[in-house]
Each structure stands twice: as C-alpha cells, then as structure tokens.
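Novice: The sequence shown runs 1 to 314 under UniProt numbering. Built from N, CA and C at the ideal position, the CB exists for glycine as well. Values in this document were obtained by computation on a predicted structure and should not be read as measured data. Take this structure, written in structure tokens, and hold onto it; I'll ask about it next.
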Amino acid sequence: MAQNAEPDEQDLAHIHWSWPEFIAANPARSLATADLAMDYFAQSPFFDARSNNASLRTQYRITNPFFSHSDEKVLLPNFTQGFEYIIAHSQPPTLFLVHRREVERGRRDNVSAMYFILDGKVYPTPTLYDAMATRLQNAAHLVTQTFTRLSAAHPPANPRATSQWRATVPTSTSNPETEAPNDQVMDIDVPEERKDDTPTTSSTVAVPDWHLFHALASTRNSLQTLDEQARTPLPARNPADELRAIEATLSGFKVASSTAPTNVKAGTGGGGSAVSPSVRTSGTPMPLPSLGGRAPSLVGVSSSPLASWTGTPR
C-alpha cells in the first residue's frame with residue numbers, strides 16, 4: 001500500500017476571506033474582543049486543521065459546545081510540539097494580527113506566517129521574498145520598457161549633422177486599405193467611438209507641424225539680434241530737454257494760430273450783471289467762463305488751446 005501523502009497546500013496568497021453573517025450574529029455586531037477575532041479566524045481557509053488550536057477545539061467541543069479561544073489559550077502552553085495560532089496584536093474592532101508560530105520542545109519563538117484581520121476581512125501577509133521579488137520584477141519591467149522606447153527614438157549616427165531625438169507617435173493598428181476615406185464615411189456608418197475628428201490612419205498622424213517648425217526656426221535666427229539688443233545700453237534721456245521740446249512745439253502752434261482771423265463777440269448785460277463772452281471760430285461759438293463778473297482776457301494763457309486768441313471784451 002502506498003503511504004498517505006500530505007495534500008498539496010493551496011496557494012492562498014492572493015485571496016482574502018470574510019463572513020459578514022458571523023459578525024452580524026454576535027451581540028456586539030463586530031469583532032469586539034481578541035478571543036472573538038480568533039474564533040472568526042478559525043472559520044477561514046487560512047486556519048490549518050492540524051494545528052494545536054484545532055486539536056483542542058475537537059476534543060473539548062464535544063463536552064462543551066461553547067468552548068472558545070478564551071478557554072483555548074489556557075491549554076495551549078501544555079503542547080511541546082506542533083504549531084499554534086495566537087493574536088499577537090489587536091485594535092478592536094477593526095485590526096487584529098494573527099501569528100502562526102512553531103512549537104519545538106516547548107519553545108515558541110519561531111513565527112512561520114502572519115495574517116491580519118482588517119474591517120472583518122482576513123488577509124495573508126506576504127513574505128519578504130515575495131515582496132522583494134514583486135518589486136524587482138516591476139522595476140525590471142519599467143527599465144526594459146524605458147530602454148525600448150529610447151532605442152526607438154534614438155537618432156541615426158551621423159558625424160556630419162547634429163543628433164536630434166525624434167518624438168515617436170504611436171501609430172494606429174487599423175488597416176488604411178480596408179477603411180474608406182474620412183470624407184466618404186457617413187455619420188450613420190461610423191460607430192459611436194469614431195464619431196469625431198480623430199485621424200484613424202498612420203499617414204495622417206505622422207504629418208509634422210510645420211507652423212511650429214517655422215516658428216522655432218525664426219526664433220533661432222533672431223537669437224543673435226536679441227542678444228545684441230540686450231547688451232546695448234539704452235540711451236539716457238533728460239526730462240528737461242523733453243519739456244523744452246514740448247514748450248517749443250506749443251510756442252510754434254501759438255505763433256501759427258495768431259495769424260488766423262478772430263471774431264470776438266462780447267455779450268451785453270444790464271443791471272450790473274456780466275455776461276460771459278464767446279469766441280467764434282469757423283462760425284461755432286465757444287463760451288468762456290466769467291470770473292467775478294468780468295470776462296477774463298485770453299492774452300498770456302499758455303496752458304489752453306484758446307491762448308492763441310487775443311480777444312478783449314467790450
């Protein structure tokens with residue numbers, strides 16, 4: 001007869017387990033204590049029936065159906081061989097850390113596996129080897145993908161020209177020979193995901209942007225001129241000279257305007273009231289304000305365009 005072989009252990013590293021009905025059946029409606037969390041863990045597929053905990057539960061639950069982990073942890077130190085489960089850390093009712101430790105000649109310092117219960121779900125913790133292997137595989141994949149893209153965009157070696165990296169655009173996988181041109185495809189024949197202006201062939205995607213090329217070329221040609229203008233200091237300007245130039249311009253305007261015909265018509269008033277005079281230019285009267293009942297003279301006023309008119313009220 002063939003000897004009884006141990007069953008192959010199932011890989012449970014990628015699953016989590018929960019039983020909401022078990023939690024709802026408790027009076028607290030949650031995993032309120034560590035003993036209750038261990039009883040909950042004993043129902044999961046991560047609990048091994050060959051453990052010392054399972055042996056105690058099998059023996060004592062026949063006579064005591066309410067045998068729980070609170071009674072179990074008192075009897076576990078009596079075992080000198082095998083393995084057992086304990087609650088190593090707890091933060092009720094959300095987090096519990098379960099250790100599986102090997103028992104060798106009464107010593108219990110070798111932890112072979114760890115599990116944690118988070119919000120009613122039981123998860124296995126990965127080993128250090130699994131964590132490092134996953135991280136290294138991810139890093140190797142990213143490095144390989146990076147070098148593949150760099151090799152595709154590397155410019156050809158040409159000692160007579162400046163090397164320029166080219167930006168590759170992912171081409172479409174569709175076949176342009178089996179597709180009709182965009183101007184011949186009606187909207188009713190196009191699926192919902194293609195009813196847009198997005199090009200579908202690789203020939204239209206690979207067209208370079210000549211506007212951007214000419215703009216960059218013009219900027220490059222103007223760099224030398226811009227550098228020269230930046231190095232050239234600005235000429236110093238004297239504000240007094242600018243004021244004198246403005247005064248000379250106004251004086252020339254006054255002399256030129258003094259030769260024009262003037263027609264000043266003063267208003268007549270009665271009872272000691274003064275009427276503001278008006279200046280006529282091209283048939284349009286321009287009223288002047290009165291100061292203290294007298295019409296002011298326009299001679300010597302240089303800050304107003306009316307300074308060129310030398311009229312005196314009657």
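(1) Pick from A113, F79, F41 and P92: whose alpha carbon is nearest that of P126?
(2) Using C-beta distances below 6 Å, list every residue in its chain close to Y60, excluding the 5 sequence neighbours before and after it, in chain order.
(3) Would you say V122 and S44 are within 9 Å of each other, going by their C-beta atoms?
(4) With H, G and I counted as helix, E and B as strand and the rest as coil, what does DSSP make of R107?
(5) Span of the alpha helix (DSSP H) holding I23?
(6) Let me know the secondary structure DSSP gives G252 once reduced to three states.
(7) A34 and F96: beta carbons closer than 9 Å?
(8) Quick one: what does DSSP say R231 is sitting in, helix, strand or coil?
(9) How long is the line joining the alpha carbons of R108 and F79, rounded to whole angstroms?
(10) Can you give me the C-alpha to C-alpha distance between E72 and A54, rounded to a whole angstrom?
(11) Helix, strand or coil: how does DSSP classify H89 here?
(12) How many Å lie between A131 and S90 at the Cα?
(13) Pull up the CB-CB distance for A13 and P93, whole angstroms please, since I reckon it's below 8 Å.
(14) What's the C-alpha gap between S303 and T249?
(15) Starting from the C-beta of N64, find all residues in its chain whose C-beta is less than 8 Å away, skip the five residues before and the five after it, and write them out in chain order.
(16) For A24, which of Q10, I15 and Y40 has the nearest alpha-carbon?
(17) With 16 other CB atoms within 10 Å as the buried threshold, where does P124 fall?
(18) Between the alpha carbons of L118 and H211, how many angstroms are there, rounded?
(19) Measure the C-alpha to C-alpha separation of A49 and L76 and round it to an integer number of angstroms.
(20) Considering D71, what are the terminal residues of the alpha helix (DSSP H) in which it resides?
(21) Are the beta-carbon atoms belonging to S51 and R100 less than 9 Å from one another?
(22) Under a three-way DSSP split, which group does Q137 fall into?
(23) Give a yes or no on whether the C-beta atoms belonging to H16 and A42 are separated by under 9 Å.
(24) To which residues of the same chain is N138 closer than 8 Å at the C-beta, ignoring the five residues directly before and after it?
(25) Helix, strand or coil: how does DSSP classify R149 here?
(26) Buried or exposed: where does Y129 fall if 16 or more other Cβ atoms within 10 Å of its Cβ makes it buried?
(27) Check the DSSP bridge columns for M114 and list the partner residues they point to.
(28) Thinking just about the alpha-carbon of each residue, which of T58, R149 and F46 is nearest to the one in Q10?
(29) Round the Cβ separation of V98 and A88 to the nearest angstrom and send it over; I've been treating them as touching at under 8 Å.
(30) What is the residue span of the alpha helix (DSSP H) that Q59 lies within?
Specialist: On the basis of the supplied data:
(1) The residue given as residue 126 occupies position 126 in the sequence shown. If you compare the alpha carbons of A113, F79, F41 and P92 with that of P126, the shortest gap goes to A113.
(2) Working through the sequence shown from its first residue, we reach residue 60 at position 60. Short of 6 Å from the beta carbon of Y60, and not among the five residues preceding or following it, lie these beta carbons of its own chain, in chain order: F67.
(3) Reading the sequence shown from its first residue, position 122 is the one you call residue 122. Reading the sequence shown from its first residue, position 44 is the one you call residue 44. In contact: V122 and S44 (Cβ atoms closer than 9 Å).
(4) In the sequence shown, residue 107 corresponds to position 107, counting from 1. The answer is strand: DSSP assigns R107 an E or B state.
(5) Position 23 of the sequence shown, counted from the first residue, corresponds to residue 23. Run containing I23: P20 to A24, per the alpha helix (DSSP H) assignment.
(6) On the sequence shown, position 252 is the one that residue 252 refers to. Reduced to three states, the DSSP call for G252 is helix.
(7) In the sequence shown, residue 34 corresponds to position 34, counting from 1. In the sequence shown, residue 96 corresponds to position 96, counting from 1. It is a contact, given that the beta carbons lie within the stated cut-off.
(8) One-based indexing of the sequence shown puts residue 231 at position 231. DSSP places R231 in helix when its eight states are reduced to three.
(9) Your numbering for residue 108 matches position 108 in the sequence shown. Your numbering for residue 79 matches position 79 in the sequence shown. When rounded, the separation of the alpha-carbon atoms in R108 and F79 is 10 Å.
(10) The sequence position of residue 72 within the sequence shown is 72, counting from 1. The sequence position of residue 54 within the sequence shown is 54, counting from 1. Rounded to whole angstroms, E72 to A54 spans 10 Å at the Cα level.
(11) Position 89 of the sequence shown, counted from the first residue, corresponds to residue 89. DSSP places H89 in strand when its eight states are reduced to three.
(12) Taking the first residue of the sequence shown as 1, we reach residue 131 at position 131. Taking the first residue of the sequence shown as 1, we reach residue 90 at position 90. If you draw a straight line from the Cα of A131 to the Cα of S90, it comes to about 24 Å.
(13) If you number the sequence shown from 1, residue 13 lands on position 13. If you number the sequence shown from 1, residue 93 lands on position 93. That pair is no contact at about 26 Å.
(14) Working through the sequence shown from its first residue, we reach residue 303 at position 303. Working through the sequence shown from its first residue, we reach residue 249 at position 249. Because the pLDDT of S303 is 47, which lies under 50, any placement of that residue in the model is unreliable, and the number read from its coordinates should be weighed accordingly. Just so you know, the alpha carbons of S303 and T249 end up roughly 13 Å apart.
(15) Taking the first residue of the sequence shown as 1, we reach residue 64 at position 64. Taken in chain order, the residues that qualify are D71.
(16) Walking along the sequence shown from the start, residue 24 turns up at place 24. Of Q10, I15 and Y40, the smallest CA-CA separation from A24 is found for Y40.
(17) Within the sequence shown, numbered from 1, the residue matching residue 124 stands at position 124. By the 10 Å Cβ count, P124 comes out buried.
(18) As a first step, residue 118 must be located in the sequence shown, where it is residue number 118. As a first step, residue 211 must be located in the sequence shown, where it is residue number 211. Looking at the backbone, the Cα of L118 and that of H211 are separated by about 58 Å.
(19) One-based indexing of the sequence shown puts residue 49 at position 49. One-based indexing of the sequence shown puts residue 76 at position 76. CA-to-CA, the gap between A49 and L76 works out to about 15 Å.
(20) The residue given as residue 71 occupies position 71 in the sequence shown. Element bounds for D71: H69 to L75.
(21) Along the sequence shown, read from residue 1 onward, the residue named residue 51 stands at position 51. Along the sequence shown, read from residue 1 onward, the residue named residue 100 stands at position 100. Yes, the pair counts as a contact, with Cβ atoms nearer than the cut-off.
(22) Counted from its first residue, the sequence shown places residue 137 at position 137. In this structure, Q137 counts as helix in the three-state DSSP scheme.
(23) Here the question's residue 16 lines up with position 16 in the sequence shown. Here the question's residue 42 lines up with position 42 in the sequence shown. No, they are not a contact pair.
(24) For the purposes of this step, residue 138 is identified with residue 138 of the sequence shown, where counting begins at 1. Residues of the same chain with their beta carbon placed closer than 8 Å to that of N138 are lacking, with the five preceding and five following residues left out of the count.
(25) Counting from 1 along the sequence shown, the entry for residue 149 is found at position 149. Looking at R149 - three-state DSSP - the assignment turns out to be helix.
(26) As a working mapping, residue 129 is identified with position 129 in the sequence shown. It is exposed - the Cβ of Y129 has fewer than 16 other Cβ atoms within 10 Å.
(27) By 1-based counting over the sequence shown, the position of residue 114 is 114. Beta bridge pairing from DSSP links M114 with H99.
(28) Against the sequence shown, residue 10 aligns to sequence position 10. Nearest in C-alpha terms to Q10, of all of T58, R149 and F46, is F46.
(29) By 1-based counting over the sequence shown, the position of residue 98 is 98. By 1-based counting over the sequence shown, the position of residue 88 is 88. Here V98 really is in contact with A88; their C-beta atoms are around 7 Å apart, less than 8 Å.
(30) The count along the sequence shown starts at 1 and reaches residue 59 at position 59. Segment N52 to Y60, the alpha helix (DSSP H) holding Q59.
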